[in-house]
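Chains as they are written, first to last, in this note's numbering: chain A, 6 to 135; chain B, 6 to 135. We put the beta carbon where it would ideally sit given N, CA and C, even for glycine.
Number of protein chains: 2
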Amino acid sequence: MKKEDIANHLIALETAALEAWNNGNPDKFLNIYAQDFTYFDPLTEKRMDGFDWIKDFYEGARGKVKVDKYEMINPAVQATENMAVLTYNLISQVGDTIYRWNCTEVYRLEEDNQWKIVHNHWSITESLKK
Amino acid sequence: MKKEDIANHLIALETAALEAWNNGNPDKFLNIYAQDFTYFDPLTEKRMDGFDWIKDFYEGARGKVKVDKYEMINPAVQATENMAVLTYNLISQVGDTIYRWNCTEVYRLEEDNQWKIVHNHWSITESLKK
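The structure is reproduced here in structure tokens:
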């Protein structure tokens, strides 16, 4: 797979998963998380490890998320043939509240030839300025 | 290189760079940043791209950082043969102030057989709870 094709494929996977998440459905993310998935977000007290943990965490959010508008800004993919990092800024609007995110997703090509996410890091843009 | 050896090597690179950074010297990080380096931290307003940008940013910090104590917590490496993600929590103490960080470093094995960082994401742990 050429690097440009990897980039387009990962951005498409991510966009589809985000669209579902923004409508309360975590399945498209859960379907592309690897068993050894690791996770940081602004609410967790440390790195959280493993598919079972994220599955429980996301099941608790099922049906509760409704993002009215979002924009994925400037996605970039840095890839080797079987691992890649996708990074972007995200603006998401819930009612009158606008959130600005930094997002890092590390994908790995698995033995079944599917790209899966092994690590995800979400943070709030300029959180130290707030 | 076996995965365990990659993990030990990357943790050693990172620890040496952190030690230098904590004493005001950015050179050990700059020496292991790739040309296509990308960067998120809690002060930047978006993803910042490229070695030249981070070099300017770090030169501005040279001699100004003095971290009195730090602890790298639970480092984990998820690796393929030529790309890997190192993640850890970091506690750093400056005077009486304690900072708790989430850190993601994506390393890539370059053509000269050196591991370099292609992406770094720093955020404050539980920043949404503050």
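Within chain B, the residues that residue i reaches when beta carbons sit closer than 7 Å
i                      : result
residue 50 of chain A  : 130 and 131
residue 113 of chain A : 85
Option nearest residue i by Cα separation, candidates the options
i                      : options                    : result
residue 10 of chain A  : A/92, A/113 and A/84       : A/84
residue 91 of chain B  : A/109, A/32 and A/100      : A/109
residue 14 of chain A  : A/120, A/50 and A/73       : A/120
residue 12 of chain B  : B/103, B/134 and B/86      : B/86
residue 111 of chain B : B/134, B/8 and B/42        : B/42
residue 134 of chain A : B/50, B/31 and B/40        : B/50
residue 79 of chain B  : A/8, A/31 and A/54         : A/54
residue 115 of chain B : B/132, B/40, B/103 and B/8 : B/40
CB contact flag (residue i, residue j, <7 Å)
i                      : j                      : result
residue 60 of chain A  : residue 23 of chain A  : no
residue 113 of chain A : residue 130 of chain A : no
residue 128 of chain A : residue 128 of chain B : yes
residue 56 of chain B  : residue 75 of chain B  : no
residue 44 of chain A  : residue 125 of chain A : yes
residue 67 of chain A  : residue 94 of chain B  : no
residue 70 of chain B  : residue 29 of chain B  : yes
residue 33 of chain B  : residue 21 of chain B  : yes
residue 72 of chain B  : residue 27 of chain B  : yes
Partners in chain B for residue i, counting only beta-carbon separations shorter than 9 Å
i                     : result
residue 45 of chain A : 92, 94, 107, 108, 109, 126, 128 and 130
residue 79 of chain A : 51, 52 and 54
residue 74 of chain A : Going along chain B, no residue has its Cβ under 9 Å from residue 74 of chain A, so there is no contact; the nearest lies around 18 Å.
Neighbour list for residue i in chain A, Cβ cutoff strictly below 7 Å
i                     : result
residue 41 of chain B : 83
Environment of residue i [buried if 16+ CB atoms lie within 10 Å]
i                      : result
residue 5 of chain B   : Only positions 6 to 135 of chain B appear in this structure, which leaves residue 5 of chain B out of reach.
residue 122 of chain A : buried
residue 107 of chain A : buried
residue 19 of chain B  : buried
residue 117 of chain B : exposed
residue 46 of chain A  : buried
Residues that residue i contacts on chain A, provided the C-beta gap is smaller than 9 Å
i                      : result
residue 87 of chain B  : 85, 86, 87 and 88
residue 123 of chain B : 83 and 90
residue 71 of chain B  : Those within 9 Å of residue 71 of chain B in chain A number zero; the least Cβ separation is about 18 Å.
residue 8 of chain B   : Neighbours of residue 8 of chain B on chain A: none; closest Cβ ~11 Å, over 9 Å.
Anticipated Cβ contact below 8 Å, residue i with residue j, distance rounded
i                     : j                     : result
residue 88 of chain A : residue 88 of chain B : 4 Å
Listed by chain order, chain B residues near residue i by CB distance under 8 Å
i                    : result
residue 3 of chain A : Given a span of 6 to 135 for chain A in the structure shown, any question on residue 3 of chain A remains unanswerable.
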